[in-house]
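A.B. asks: Supplied in structure tokens, the structure appears directly below.
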């Protein structure tokens, strides 16, 4: 909608043995202002905008997710690719380790889970409109909304 992203600086505790990648979905860990890498099944508080190494105290600007936040994600490229008919359905995420060289997130859309089930992590809005991004091909990019937001209700797909 063109509005500014609500951001907040949060920390990853040194006791956390999982790195947080730039672009990872994150959630609160139970301690004030402390985040962890998001887990399959959510819920999710936001998106980390910086890398934090495992077992290291790090600070992260986090974009707070709202029902209107649209993200771009990549299909995991397994044998069950997301077809055009997947628009409007929901899907889970694949939680993977961040790339320790680039610091980028390893999370992807789990293409084998697309369904109208409300408990899935993401809502598939549409393929990213970019030359070379082919629907139904391995690693296609999709615009998504996070379905399982911290402090919000889940939504069924179409």
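In the working numbering, the protein residues as written are 1271 to 1428. Even for Gly, the Cβ is constructed at its ideal location relative to N, Cα and C.
Less than 7 Å separating the beta-carbons of residue 1380 and residue 1362?
C.D. replies: In contact: residue 1380 and residue 1362 (Cβ atoms closer than 7 Å).
A.B. asks: Nearest to residue 1279 by alpha carbon, out of 1320, 1287, 1314, 1312?
C.D. replies: Closest option to residue 1279, Cα to Cα, is 1320.
A.B. asks: Can you name the start and end residues of the beta strand (DSSP E) that residue 1382 belongs to?
C.D. replies: Looking at the DSSP string, the run of the beta strand (DSSP E) that includes residue 1382 is 1378–1385.
A.B. asks: Identify the continuous beta strand (DSSP E) that holds residue 1422 and give its terminal residues.
C.D. replies: No beta strand (DSSP E) contains residue 1422, which DSSP labels as neither H nor E.
A.B. asks: What's the gap between the Cα of residue 1302 and the Cα of residue 1383?
C.D. replies: Going from the Cα of residue 1302 to the Cα of residue 1383 covers about 33 Å.
A.B. asks: Mind checking whether residue 1413 and residue 1357 have CB atoms under 7 Å apart?
C.D. replies: Taking 7 Å as the Cβ cut-off, residue 1413 and residue 1357 do not qualify as a contacting pair.
A.B. asks: What's the C-alpha gap between residue 1348 and residue 1309?
C.D. replies: So the two alpha carbons sit approximately 20 Å from each other.
A.B. asks: Leaving out five residues on either side along the sequence, give the residues of the same chain with a beta carbon under 7 Å from the beta carbon of residue 1353.
C.D. replies: Here the set comprises 1405, 1406.
A.B. asks: Kindly identify the DSSP beta-bridge partner or partners of residue 1393.
C.D. replies: DSSP output for residue 1393 lists 1360, 1415 as bridge partner(s).
A.B. asks: With DSSP as the reference, label residue 1355 as helix, strand or coil.
C.D. replies: Here residue 1355 sits in helix by DSSP.
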